[in-house]
Structure formats: C-alpha cells, structure tokens
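Heads up, the thing below is written out as structure tokens.
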Amino acid sequence: MYTKWLSTLIKVRLFENIERDALNKMLLCLNPNKVAYKKKAYITIAEDKFTGIGIIVEGEVIVTKENVAGDRVMMAKLNEGDIFGEIVAFSDNDKWPATVIASKDCTILFLPTEKIMGNCPKMCIGHKLLIQNMLKIVSQKALQLNRKIEYLAIKSIRTKVSTYLLEQYHSVKKNKFMIPLKRNELAEFLNISRPSLSRELIKMKEEGFIDFYRSSFEIIDMEALKANI
Numbered sequence: 001m002y003t004k005w006l007s008t009l010i011k012v013r014l015f016e017n018i019e020r021d022a023l024n025k026m027l028l029c030l031n032p033n034k035v036a037y038k039k040k041a042y043i044t045i046a047e048d049k050f051t052g053i054g055i056i057v058e059g060e061v062i063v064t065k066e067n068v069a070g071d072r073v074m075m076a077k078l079n080e081g082d083i084f085g086e087i088v089a090f091s092d093n094d095k096w097p098a099t100v101i102a103s104k105d106c107t108i109l110f111l112p113t114e115k116i117m118g119n120c121p122k123m124c125i126g127h128k129l130l131i132q133n134m135l136k137i138v139s140q141k142a143l144q145l146n147r148k149i150e151y152l153a154i155k156s157i158r159t160k161v162s163t164y165l166l167e168q169y170h171s172v173k174k175n176k177f178m179i180p181l182k183r184n185e186l187a188e189f190l191n192i193s194r195p196s197l198s199r200e201l202i203k204m205k206e207e208g209f210i211d212f213y214r215s216s217f218e219i220i221d222m223e224a225l226k227a228n229i
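Note that the UniProt record's numbering has the sequence shown beginning at 1, numbered continuously upward.
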C-alpha cells in the first residue's frame, strides 16, 4: 500500500536507520492516513482538532501562524520528506498549533500519535528506533522555534536580513548560495513587508555588501555584513 513512497520515506528523519523491509512492515502496522491536496489548499488550520503527525511524501507546504495583530507570519517551508505536527503530538493539547498550506500539489501521510507510542506487541527494534528518532526531532524543532523567536525579537530590517544570510552561509560554507525561500516567503519569515525587504536588499547591494538575483545570493563583503549583526 505504501510501496510507492518507500524511496521517500526511507529518507525521512522519523524513520532514520530503519531498514526498508522493516519500514514497509511497520507502515502496515502504523496505518497512516493518506490525503492529497491541491496547491493553495489548507491542510491544517490552527486550533482545529489535531489529526496526527504529517509526513510530506509529495509536494511542498508552508507553515504559518497569525500574530496578535492578525498578520500572517511564515514559520517554515517544508518539502518532500519533511514532517509537521511533531511538537504537539505528545502534549496535552489536541489542537493544531499552526496553519499548514499546500504551496504545491501534495500528498500527506498522517501518522496517528497513539500508534507511535504503543500498540506494538513485539516492540520491535524498528519501533524503538522510531521513538528515539521522534525524541531527536522534537528536540531539534524546539531549537528551531527558539531561533524563530530570536528573529522576531530583532527590530532592524538590515540586522534580520544580515543574520539570515550569514546563517545560510554557515549552512553551506560558501559565499554564493541559493536560499530556499521566494522573496515574499522570506519577507513573511522575517516578519517584514515585501517592499521593505526589497528596498533593504537593494541598498545592501548598492553598498557592496551582497549581490543577488532572485533566490541566488552572494556575500561580497563578509566583514561588513557581520558588522550589521
């Protein structure tokens, strides 16, 4: 039933170190619910009832929240093989904490929480690895959310942009790189307007700090960029 997506699922962090055959058998036990969505469709809506951890087997989604002013803030952009909903999965809260929207046609497998934590009579090695992987993922997500809070606390647009670009540089160890976000998505992620972001990027380019074309960026003056932090 899930053979079609095994090549994708074997790469999912949740199933790390689990052999292909063991994963196939485990999926039959876990019995995730498969749902297909069209581009721009709402996959989850914040405060709706939680339906299980989502695994993206095809397509791309964005995770958003509304701030107190009612403005939408993009929390993350997720691709094939990524998961969402893991933070709330084992809490007392049974509501989705954020809204997830399909940015491309996509297929999601929803994994029931109760199937992860129990109901496996043999408690096979694969299931033990599944629980270990889940703990690692939740810890990593907590760190990512903490980083997002730090971004929201930064007041200066230039400081936000410089911080983001330097993080991308440290991720790839190259002065020239592609960012994973489109311009409007980057503006949402940094919690600034798109026109303000565009103006700041143009200024930074004119001042010789960076060069860019669409999603391709190059850091020209590393020290000057660091001085903005």
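Each residue gets a CB set at the ideal place from its N, CA and C atoms; glycine is no exception.
By the 10 Å Cβ neighbour count, where 16 or more other Cβ atoms means buried, how is residue i classified, buried or exposed?
i	result
Met222	exposed
Leu28	exposed
Val172	exposed
Met134	buried
Thr159	exposed
Met204	buried
Gly59	buried
Tyr37	buried
Phe126	According to the sequence as given, residue 126 is Gly; it is not Phe. Looking at its Cβ environment, which holds 16 or more other Cβ atoms inside 10 Å, Gly126 is buried.
Ala227	exposed
Ile149	exposed
Met43	The question names Met, but residue 43 in the sequence shown is Ile. Under this definition Ile43 is a buried residue.
Leu14	buried
Going by beta carbon distance, what residues of the same chain come within less than 7 Å of residue i, once the five residues before and after it are set aside?
i	result
Pro180	Lys77
Pro111	Note on identity: in this sequence residue 111 is Leu, with Pro being the wrong assignment. Cβ neighbours of Leu111 beyond the five flanking positions: Leu30, Pro32, Gly52, Ile53, Ile55.
Asp82	Ile56
Ser193	Ala187
Val12	Ile55, Gly81, Ile83
Asp94	Lys49, Phe50
Thr8	Val57, Glu80, Gly81
Tell me, please, which residues DSSP counts as bridged to residue i.
i	result
Thr3	Partner(s): none; Thr3 has no beta bridge.
Ser216	Met178, Tyr213
Val35	Ile108
Ile56	Ile108
Ile90	Here residue 90 turns out to be Phe, not Ile, going by the sequence shown. DSSP lists no partner for Phe90.
Arg72	Glu66
Tyr151	Tyr151 pairs with nothing; no bridge assigned.
Phe84	Gly54
Ala102	Val61
Can you name, in chain order, every residue of its own chain whose Cβ lies under 8 Å from the Cβ of residue i, other than the five neighbours on each side?
i	result
Leu197	Ile157, Val161, Arg183, Leu186, Ala187, Leu190
Tyr213	none
Ala153	none
Tyr151	Lys160, Thr163, Tyr164, Phe189, Leu190, Asn191
Ile229	Thr159, Ser162, Thr163, Leu166
Arg20	Leu6, Ile10
Gln168	Phe177, Ile179, Phe217
residue 231	Missing from the structure shown is residue 231; the chain here goes from 1 to 229 and no further.
Ile137	Arg13, Leu14, Ile83, Glu86
Within a Cβ cutoff of 6 Å, which residues of the same chain sit near residue i, ignoring the five residues on either side of it in sequence?
i	result
Gly85	Ile53, Gly54
Tyr2	Leu27
Lys39	Ala102, Lys104, Asp105
Val73	Lys65, Asn67, Asn191
Ala224	Phe209
Ile18	Gly126, Leu129
Glu16	Asn133
My guess is that residue i and residue j are in contact by the Cβ rule of under 8 Å, so how many angstroms apart are they, rounded?
i	j	result
Ile131	Trp96	Incorrect: roughly 22 Å between the Cβ atoms, too far for contact.
Ile202	Asp211	Contact flag wrong, Cβ pair sits at about 11 Å.
Lys176	Glu218	4 Å
Met75	Val61	Incorrect: roughly 11 Å between the Cβ atoms, too far for contact.
Ser139	Met178	At roughly 28 Å, the Cβ-Cβ gap does not stay under 8 Å, so Ser139 and Met178 are not in contact.
Lys141	Ile87	5 Å
Thr113	Ala89	5 Å
I want to see whether chain C comes within less than 7 Å of residue i, judged by CB atoms only; does it?
i	result
Leu9	Reference to chain C is not applicable here, since this structure consists of a single protein chain.
### Task
Could you say if the region 102-110 and the region 10-24 meet the contact criterion of at least three C-beta pairs nearer than 8 Å?
Touching, no.
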